[in-house]
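J.: Start counting the sequence shown at 2; every next residue gets the next number (the working numbering). The beta-carbon is built from N, C-alpha and C at its ideal position, and this holds for glycine as well. As the structure is a prediction and not an experimental result, all values here were calculated from the model. The structure that follows is given in the form of structure tokens.
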Amino acid sequence: MRRLFWKFFTIIWLTMAASVAGPFIIINLLDAAPFSQDIARERRDFTLDVAARLLEQQGKDAAEAFARAVAALPRPVNLSVSEIGPSSACPGVEAENVRSVAVGGTCSRVSIIAQESGTMAGDWPKLLPWVSALIASAVSAFWLARYLILPVVHLRHGLSALAQGRFDVRIGDKMDGRKDEVTALAHDFDASAAHLEELQGIQQRLFHDVSHELRSPLSRLQAAIGVLRQNPSRLDIMMDRMDREIERIDGLVGEILTLARLSARSGDGAVQTLDLMDLLNGIVDDAAFEAQARGISLSHDGVAAFVAEVNGELIYRAFENVIRNALKYSPDNSRVSIFSQIVDERLRVTVTDEGAGVPASELEWIFQPFSRGSHAVARSGYGLGLAITKHAIEEHGGRVTASIAAGGGLAVTLEIPRLAARKPEDMFPFG
């Protein structure tokens, strides 16, 4: 929150500085101080007193000379020196801006010549600091409110669009070049919206693929029932056929449930301290024995041991899916290589085959449910193995990636941390 903090600090500080500096600037421009009227009044009174004293002590000529001098000052005071009659004519009570002096039997008067009031006369200079502070704070408050509210409005519109199911909405480009926490929040919103849009697409494809995968065995079951109705003598053959289709449906439903549980991250599985190399070597031995029937050579080269806190069934399923997937898509008399190493307290296992591989554009797609790659010729399965592997590894805080092997096949890399990234209650076994 540092960027936003300093922006708020700067705006508030500038507001206070403007409230203080604004009045001084306006006062200098308009030549009006808050107490200028009082100062001018005291200055006039002082000038009148001096002129009256000069008139009394040094005569009219000295007073007139003084009047000419103060009239030439940058802030002039215009005085008038005149005789009004005999000394008896001097009033007992002086009017404002007037001084009467009896000199040699004559009453003389010193008065200030009235001047027109300026635009800042009266009480206006006293109100000037408060008005300036009010204007400065109002302008600053407006821009601060606009700065804060505008992105909130964009966020509100974005959230409203998400609530209506429009996951293609984006607000990051509406932040007007801002670089602060609010912009980061907008980009997080865009990432969430993109993820929701992707999940929506995956869900739609999943419904389509599930219906497609279930339709084929159900159609064959219906065909077998139709054959039995027409020719009951083929009961044994059709029953075997129906058993295979039911097993296929059951296996497909089981894989879908496994993927759904992993996606929901729910269950009561336990984390154990296991040597993952024991799991991996056991799978390699079984797979190598089965690969002999097709002349495929399966080898493992790497570390001897890697003890980690994992859900054993999840990791076993992940290893098995990747290795058997490599065997499934490898041609006869080819080679599948497994290499393991420890990098930064993480076990990295790479399984490489010599099959047809997948295009670079589909390397991420093959981890989606029911995806087999456009160049692959499936021998069996449902296209859920790599999807289950991805979720299982990510449950442990690891990751799964795919790349094109040097020989043109597919290389799948699994990375598993030594310590489980999730609590035991977040893991679960397959039932």
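(1) Expressed to the nearest angstrom, what Euclidean distance is found between the alpha-carbon atoms of residue 347 and residue 419?
(2) DSSP three-state call for residue 117: helix, strand or coil?
(3) Ignore the nearest five residues each way along the sequence and tell me which others in residue 197's own chain have a CB closer than 6 angstroms to its CB.
(4) I'd like to confirm the pairing. Which residues does DSSP put opposite residue 340 in its beta bridges?
(5) Measure the beta-carbon distance from residue 236 to residue 229 and round it to whole angstroms, keeping in mind my assumption that it falls under 8 angstroms.
(6) In chain order, what are the residue ranges of uninterrupted alpha helix (DSSP H) at least 4 long that sit wholly in the segment 36–74?
(7) Return helix, strand or coil for residue 18, following the three-state DSSP convention.
(8) Please classify residue 240 as buried or exposed, where buried requires at least 16 neighbouring CB atoms within 10 angstroms.
(9) Please list the terminal residues of the continuous alpha helix (DSSP H) segment that includes residue 286.
(10) Nearest by alpha-carbon distance to residue 318: which of 146, 407, 393, 79 is it?
(11) Is the CB-CB distance between residue 353 and residue 296 below 8 angstroms?
(12) So, under 8 angstroms CB-CB, residue 323 and residue 253 are touching, yes? Tell me the CB distance rounded to an integer number of Å.
(13) Quick check on the burial criterion: 16 or more other C-beta atoms within 10 angstroms. Buried or exposed for residue 42?
(14) Specify whether the segment 331–338 and the segment 353–364 touch according to this definition: at least 3 beta carbon pairs, one from each stretch, less than 8 angstroms apart.
(15) Apply the 10 Å Cβ neighbour rule to residue 47 and answer buried if 16 or more other Cβ atoms are within range, or exposed otherwise.
(16) Contact defined as beta carbons within less than 8 angstroms: I believe residue 99 pairs with residue 56. What is the distance between those atoms, to the nearest angstrom?
(17) Checking 8 angstroms against the spacing of the C-beta atoms, do residue 387 and residue 326 come in under that value?
(18) CB of residue 153 to nearest heavy atom of the ligand ADP: below 7 angstroms?
(19) Here's the rule I'm using: 16 or more other beta-carbon atoms within 10 Å means buried, otherwise exposed. How should residue 139 be labelled?
(20) Taking the C-alpha atoms as reference points, what is the distance between residue 66 and residue 87?
(21) Taking DSSP's pairing of strands, which residues face residue 108 in a bridge?
(22) Looking at residue 315: is its Cβ nearer than 8 angstroms to the Cβ of residue 396?
(23) Please classify residue 135 as buried or exposed, where buried requires at least 16 other C-beta atoms within 10 Å of its C-beta.
(24) Can you say whether residue 219 is buried or exposed, counting buried as having 16 or more other CB atoms within 10 angstroms of its CB?
(25) When you compare the CB positions of residue 163 and residue 153, do they come within less than 8 angstroms of one another, or not?
(26) Identify whether residue 96 lies in helix, strand or coil by the three-state DSSP scheme.
(27) Among the candidates 97, 92, 190, whose CA atom is the shortest distance from the CA of residue 45?
(28) Residue 74 and residue 113 - do their beta-carbons sit closer together than 8 angstroms?
(29) For residue 271, which of helix, strand or coil comes out of DSSP?
T.: The answer reads as follows:
(1) Using only the alpha carbons, I get a separation of about 6 angstroms.
(2) With a pLDDT of 49 at residue 117, under the threshold of 50, the predicted position of this residue should be treated as unreliable, and no value is reported.
(3) Within the same chain, residue 197 has close Cβ partners 168.
(4) Looking at the DSSP assignment, residue 340 forms a beta bridge with 302, 351.
(5) Confirmed, Cβ separation roughly 6 angstroms.
(6) Runs of the alpha helix (DSSP H) inside the segment 36–74: 37–59, 61–72.
(7) Residue 18 sits in a helix when the DSSP states are folded into three classes.
(8) The Cβ neighbour count for residue 240, taken over all protein chains shown within 10 Å, is under 16; the residue is labelled exposed.
(9) Looking at the DSSP string, the run of the alpha helix (DSSP H) that includes residue 286 is 277–292.
(10) Ranking 146, 407, 393, 79 by Cα distance to residue 318 puts 393 first.
(11) Against a cut-off of 8 angstroms, the Cβ pair of residue 296 and residue 353 comes out as no contact.
(12) Going by Cβ atoms, the distance from residue 323 to residue 253 rounds to 20 angstroms, so no, they are not a contact pair.
(13) Note on residue 42: under 16 other CB atoms within 10 angstroms of its CB, so exposed under the neighbour-count rule.
(14) Because the criterion of three Cβ pairs below 8 angstroms is met, the segment 331–338 and the segment 353–364 touch.
(15) Exposed, because fewer than 16 other Cβ atoms sit within 10 Å of the Cβ of residue 47.
(16) Cβ-Cβ separation between residue 99 and residue 56: approximately 13 angstroms, too far for a contact (criterion under 8 angstroms).
(17) Between residue 387 and residue 326, the CB-CB gap stays under 8 angstroms.
(18) No copy of the ligand ADP occurs in the structure displayed, which carries no ligand at all.
(19) The Cβ neighbour count for residue 139, taken over all protein chains shown within 10 Å, is under 16; the residue is labelled exposed.
(20) Between residue 66 and residue 87, the alpha-carbon positions lie close to 23 angstroms from each other.
(21) 86, 103.
(22) Taking the C-beta atoms as reference points, residue 396 is found nearer than 8 angstroms to residue 315.
(23) Taking every protein chain shown into account, the CB of residue 135 has fewer than 16 other CB atoms within 10 angstroms, so this residue is exposed.
(24) Exposed, since its Cβ has fewer than 16 Cβ neighbours within 10 Å.
(25) No; because the gap between Cβ atoms is not below 8 angstroms, this pair is not in contact.
(26) Residue 96 carries a coil assignment under DSSP once its states are collapsed to helix, strand and coil.
(27) Closest by alpha carbon: 97.
(28) Note that the C-beta distance between residue 113 and residue 74 is not below 8 angstroms.
(29) Note: residue 271 maps to coil in three-state DSSP.
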